[in-house]
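All residue numbers in the sequence shown are consecutive under the numbering used here, ending with 359.
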Amino acid sequence: MTGCRNIIDRLEKDYTLPREDFQQLLTGLSPEDEEYLYERAREVRHQVYGKDVYLRGLIEFTNVCKNDCYYCGIRRSNLNVQRYRLSTEEILDCCDRGYALGFRTFVLQGGEDGYFTDDRVCQLVSEIKTRHPDCAVTLSIGEKSRESYQAFFDAGADRYLLRQETSNPVHYRFLHPEELTIENRKRCLQDLKDIGYQVGCGIMVGSPGQTTDHIIEDLMFMGDFKPHMVGIGPFIPHKDTKFRDEAPGTLADTLHLLAILRLMLPNALIPATTALGTIHPLGREKGILAGANVVMPNLSPSTVRDKYLLYDGKICTGDEAAECCRCMERRMESIGYQVVVSRGDAKQENTDVLL
5 MTGCRNIIDR
15 LEKDYTLPRE
25 DFQQLLTGLS
35 PEDEEYLYER
45 AREVRHQVYG
55 KDVYLRGLIE
65 FTNVCKNDCY
75 YCGIRRSNLN
85 VQRYRLSTEE
95 ILDCCDRGYA
105 LGFRTFVLQG
115 GEDGYFTDDR
125 VCQLVSEIKT
135 RHPDCAVTLS
145 IGEKSRESYQ
155 AFFDAGADRY
165 LLRQETSNPV
175 HYRFLHPEEL
185 TIENRKRCLQ
195 DLKDIGYQVG
205 CGIMVGSPGQ
215 TTDHIIEDLM
225 FMGDFKPHMV
235 GIGPFIPHKD
245 TKFRDEAPGT
255 LADTLHLLAI
265 LRLMLPNALI
275 PATTALGTIH
285 PLGREKGILA
295 GANVVMPNLS
305 PSTVRDKYLL
315 YDGKICTGDE
325 AAECCRCMER
335 RMESIGYQVV
345 VSRGDAKQEN
355 TDVLL
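Put into structure tokens, the structure is as follows:
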């Protein structure tokens, strides 16, 4: 057995590695070692979650954002964006239609939009949970105070997605304006975990300025933090940002990291992201085969989908929710997996009890 395979086996056993072994795992695998990595990631995924794939109904409810992140297509300084906000009735209608299609988790994602005050978010979450008490509500609405997070949780929110994008302070500053800091991002993540959310973090793969050392730092942070969910996807440039001419992240690098994360965090919920499907026609299928277990079809009204463009070329901006759902079911069946009607909660470590 090669040294790299020994490293893969130790990661599967210990869930972490010293820095030099992460370096070898990221830069020194042969094609045969790479396939072994995917085999082990699939086996671990099957041991914990079988061949079930969980659906998340994504509702992009506002593209208004107060932030000016340098890579993001809906950054506040982009004057070419046609801004929108969904009404409460529109959001609830998305949930009702999604429920009828078999969705049992709704992801409310949006920019940091001051119109959606804590009270409005709490009322929205409460109404969704009243209508669909057997469903989970995931929020992905950025950095808030601990008090805000607590209020959302008390109203019924179950999960929160907050990708750190990079764990290195210097790299974070390269990607974000001065008012945003990795220290506050990590504070938010810890507050969310302490409150009791199922918490998701994650990174962009191949983002401008990213180095192997940065990725190792990301892996070590996520290994210590032990998120319930990890969202990673390739960086894809947007024409209205300062990084418009940068090369996108690659499918190979993203799948490689996805498999490593499955071994590190065997119980995590890991999506095969829309960004993966954007850079390759079979990107989401390949993500599932590398260890992912979640897909996120879009439940947003088709009239606004082409306005929520964090990056260029985003797929599925016009499909109706029902067709998108049926398409996803067929795609998963084609590779031997099945979409299930389930909240799809993260499993606790060393047990089958759901969080």
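No residue lacks a Cβ here, since even glycine has one placed at the ideal position from N, Cα and C. Source: prediction; values computed, not measured.
Three-state class that DSSP yields for residue i in the structure shown
i                 : result
alanine 256       : helix
phenylalanine 239 : coil
isoleucine 207    : strand
tyrosine 53       : helix
leucine 269       : coil
proline 35        : helix
arginine 46       : helix
asparagine 354    : Because asparagine 354 sits at a pLDDT of 42, beneath the cut-off of 50, its placement in the model cannot be relied upon, and the following sentence gives the value as read from the coordinates. Asparagine 354 falls in the coil class under three-state DSSP.
tyrosine 74       : coil
arginine 80       : coil
glycine 348       : coil
glycine 115       : coil
Beta-bridge pairing of residue i - partner residues as DSSP gives them
i                 : result
phenylalanine 110 : Gly61 and Val141
asparagine 302    : Leu62
valine 234        : Cys205
proline 275       : Val298
glutamate 183     : In the DSSP output, where bridge partners are listed per residue, glutamate 183 has none listed.
arginine 89       : Thr66
glutamate 169     : Ile207
Nearest to residue i (by Cα), restricted to the options the options
i                : options                           : result
tyrosine 19      : Glu337, Ile264, Tyr312 and Gly7   : Ile264
proline 212      : Phe107, Phe178, Leu62 and Val111  : Phe178
leucine 293      : Gln202, Ser171, Asn172 and Ala45  : Ala45
glutamine 51     : Thr282, Cys328, Leu269 and Lys290 : Leu269
valine 416       : Gly115, Gly118 and Ser144         : Here the chain has residues from 5 to 359 only, and residue 416 is not among them.
valine 209       : Gln202, Cys126, Ile63 and Ile240  : Ile240
isoleucine 219   : Asn172, Glu43 and Glu337          : Asn172
valine 308       : Ile95, His175, Lys70 and Lys243   : Ile95
leucine 262      : Thr142, Cys98 and Pro275          : Pro275
glutamine 86     : Cys331, Ile319, Cys139 and Leu314 : Leu314
leucine 15       : Val48, Glu36 and Gln342           : Val48
phenylalanine 26 : Asn10, Lys290 and Glu39           : Asn10
glycine 291      : Gly317, Tyr153, Glu43 and Cys69   : Glu43
aspartate 217    : Asp56, His175, Asn67 and Glu337   : His175
proline 305      : Arg79, Phe65 and Thr258           : Phe65
isoleucine 339   : Asp100, Glu289 and Ile132         : Glu289
N- and C-terminal bounds of the alpha helix (DSSP H) containing residue i
i                 : result
cysteine 329      : 325–338
cysteine 8        : 7–18
glutamine 127     : 122–135
glutamine 27      : 23–31
valine 174        : 173–179
histidine 218     : 216–229
phenylalanine 156 : 150–159
aspartate 246     : Note that residue 246 is lysine in the sequence shown here, rather than aspartate. Run containing lysine 246: none; DSSP gives neither H nor E here.
glycine 287       : 287–293
Span of the beta strand (DSSP E) around residue i
i             : result
leucine 165   : 163–165
glycine 102   : No beta strand (DSSP E) contains glycine 102, which is instead part of the alpha helix (DSSP H) from 92–105.
glutamine 342 : 342–344
Rounded distance between the beta-carbons of residue j and residue i, thought under 8 Å
i                 : j             : result
leucine 41        : leucine 33    : 7 Å
asparagine 271    : alanine 350   : 6 Å
phenylalanine 402 : glycine 61    : Absent from the structure is residue 402, since the part of the chain shown begins at 5 and ends at 359.
proline 238       : leucine 280   : 7 Å
isoleucine 207    : threonine 245 : Actually they are not in contact, since the Cβ atoms of isoleucine 207 and threonine 245 sit about 18 Å apart, beyond 8 Å.
valine 298        : glycine 348   : 7 Å
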